[in-house]
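Under full-length UniProt numbering, the residue at position 62 of the sequence shown is numbered 62, and the numbers go up by one with no gaps.
Heads up, the beta-carbon is just placed ideally off N, CA and C, and yes, glycines get one too.
Report on one structure; see the data block that follows.
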Amino acid sequence: MEQLFPRRCTWLYVMNNCLLSISGKASQLYSHNLIGLFEYARQMQKLPVAIPTHKLPDRILPRKFAVSTKIPDTKGCQKCCVVRNPYTGHKYLCGAFQSSIVLLEWVEPMQKFMLIKNIDFPLPCPLEVFEMLVVPEQEYPLICVAVSKGTEFNQVVRFETVNPNSTSSWFTETDTPQSCVIHVTQLERDTILVCLDRCIKIVNLLGRLKSSRKLSAELTFNFQIESIVCLQDSVLAFWKHGMQGRSFRSNEITQEISDNTRIFKLLGSDRVVVLESRPTDNPTANSNLYILAGHENSY
């Protein structure tokens with residue numbers, strides 16, 4: 001991305017030939033023509049003198065010639081998430097701001113996301129969780145902005161959500177403190193994976209434990225989880241010095257990497273799992289990058 005659009009970048013997502021990013025000092029949401037970006041970079045390499053066009057104001061370049069455009073009213077974007085509704089096929093992009101949320105829908109003929117909802121709502125700070133949860137009966141997905149300890153009988157966790165389908169009440173305030181949640185992923189219609197400090201819990205939309213022949217209700221680890229990747233039949237949990245895979249069905253270890261001389265970090269898991277490692281005794285040294293073969297994020 002540094003070679004194509006040399007600005008500060010904190011988030012990336014590819015939809016067809018459209019690249020979405022949170023870029024620039026103002027953390028603006030951008031839409032890039034991916035083919036155009038590569039062609040533009042190729043043309044720039046042919047010039048005898050490099051022109052730092054990324055330092056020029058956007059208004060200098062005519063809009064019809066721009067391969068990178070700002071999505072209106074998205075300055076100061078903190079986080080984004082994308083989801084596909086499996087029941088309707090619609091794809092949604094959600095952006096979090098200090099005191100509002102925007103919801104955009106992918107329009108196939110136009111090949112871009114269009115704004116459909118702008119919700120004024122003060123988000124938790126820090127914003128640890130920001131994911132969309134698809135509910136079959138609802139047109140738009142619920143937006144999970146926090147996870148707290150369950151307050152009802154058999155409720156392990158409680159999802160604090162903003163409902164863009166409602167025209168009256170967006171959110172129910174709760175005094176229950178947030179749980180230390182690493183990751184939230186919707187596996188199936190009424191099956192949510194919640195990753196906590198050293199364990200993974202499988203719950204339904206109401207936050208109650210859910211087990212079946214395919215899924216254990218809880219997976220436990222002997223290290224502090226930093227990030228996870230969900231596969232079709234197992235989950236990969238990454239920690240400071242390695243990775244451990246566990247079966248959804250049996251909770252048994254399926255694979256493991258452990259090396260105290262290296263510090264590992266998951267860089268990306270959208271389709272391809274990319275892992276970075278650096279020497280433990282020299283964390284600022286040049287890093288090695290690995291693609292984990294045979295692993296593709298299923299959710």
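Q | Nearest candidate by alpha-carbon position, reference Gly95, set Asp270, Ser211, Leu127 | A | Nearest of Asp270, Ser211, Leu127 to Gly95, Cα basis: Leu127.
Q) Which first and last residues belong to the beta strand (DSSP E) in which Ser277 is found? A) 274 to 279
Q. For Glu188, which of helix, strand or coil comes out of DSSP?
A. strand
Q. Exposed or buried, Pro164, counting other C-beta atoms within 10 Å across all chains shown (16 or more means buried)?
A. In summary, Pro164 is buried, with 16 or more beta-carbon neighbours lying within 10 Å of its beta-carbon over all protein chains present.
Q: Within 10 angstroms of the Cβ of Thr10, are there 16 or more other Cβ atoms? Answer buried if so, exposed if not.
A: exposed
Q. So, Ser247 versus Phe264, is the Cβ gap smaller than 9 Å?
A. no
Q. If we ignore side chains and look at the alpha-carbon of each, how far apart do Phe65 and Tyr30 end up?
A. For Phe65, the predicted model reports a pLDDT of 47, less than 50, meaning its position is unreliable; a value from the coordinates is still stated below. Approximately 15 Å between the Cα atoms of the pair.
Q. Looking at the structure shown, is Ile225 part of a helix, part of a strand, or coil, going by DSSP?
A. coil
(Q) According to DSSP, simplified to helix, strand and coil, what is Asn231? (A) Reading off the sequence shown, one finds Leu at residue 231, where the question assumed Asn. It is coil, neither helix nor strand.
Q | Cut-off 6 Å between Cβ atoms - residues of its own chain near Ile182, not counting five sequence neighbours on either side | A | Cβ within range, chain order: Cys195, Ile225.
Q: Output yes or no for whether 9 Å exceeds the beta carbon distance between Lys201 and Glu218.
A: Pairing Lys201 with Glu218 gives a Cβ-Cβ distance under 9 Å.
Q: Would you mind listing the beta strand (DSSP E) stretches within the stretch 106 to 157 that are 3+ residues and don't spill past its ends, in chain order?
A: The beta strand (DSSP E) runs lying completely inside the stretch 106 to 157 and spanning 3 residues or more are 112 to 120, 131 to 133, 142 to 149, given in chain order.
Q. Using a Cβ-Cβ cut-off of 6 Å (strictly less than) and excluding sequence neighbours within five positions of Val229, which residues of its own chain qualify?
A. Taking Val229 as the centre and dropping the five residues before and after it, the same chain places the C-beta of Leu236, Ser269, Val273, Asn297 closer than 6 Å to its C-beta, in chain order.
**Q.** Assumed close pair Arg7, Ser23 - CB separation to whole angstroms, cut-off 8 Å
**A.** 5 Å
Q. Which residues does DSSP pair with Gln255 in a beta bridge?
A. Partner(s): Gly245.
Q) Could you give the distance in angstroms between the alpha-carbon of Met243 and the alpha-carbon of Ser258? A) 7 Å
Q.
For Lys117 and Ser166, I'd like the C-alpha separation in whole angstroms.
A. Answer to the nearest angstrom: the Cα atoms are 11 Å apart.
Q.
Closest to Met132 by C-alpha separation, out of Phe153, Leu187, Pro109, would be which residue?
A. Leu187
Q: Return the CA-CA distance between Ser169 and Phe121, expressed in angstroms with no decimal places.
A: Low confidence applies to Ser169: its pLDDT is 46, below 50, so where it sits in the model is not reliable, and the reading given next is rough at best. Between Ser169 and Phe121, the alpha-carbon positions lie close to 11 Å from each other.
Q) Three-state secondary structure (DSSP) at Phe97? A) coil
Q) Do the CB positions of Phe71 and Leu103 come within less than 9 Å of each other? A) For clarity, residue 71 is Ile in the given sequence; the question names Phe instead. Result no, Cβ atoms of Ile71 and Leu103 do not sit closer than 9 Å.
Q. So what does DSSP say about Ile35, is it helix, strand or coil?
A. helix
Q. Where does Ile35 land, buried or exposed, given buried means 16+ other C-beta within 10 angstroms?
A. exposed
**Q.** Residue interval of the beta strand (DSSP E) (run including Thr10)
**A.** 9 to 15
Q | Where Arg42 falls: helix, strand or coil (DSSP) | A | helix
(Q) Taking only three categories from DSSP, how would you classify Gly24? (A) coil
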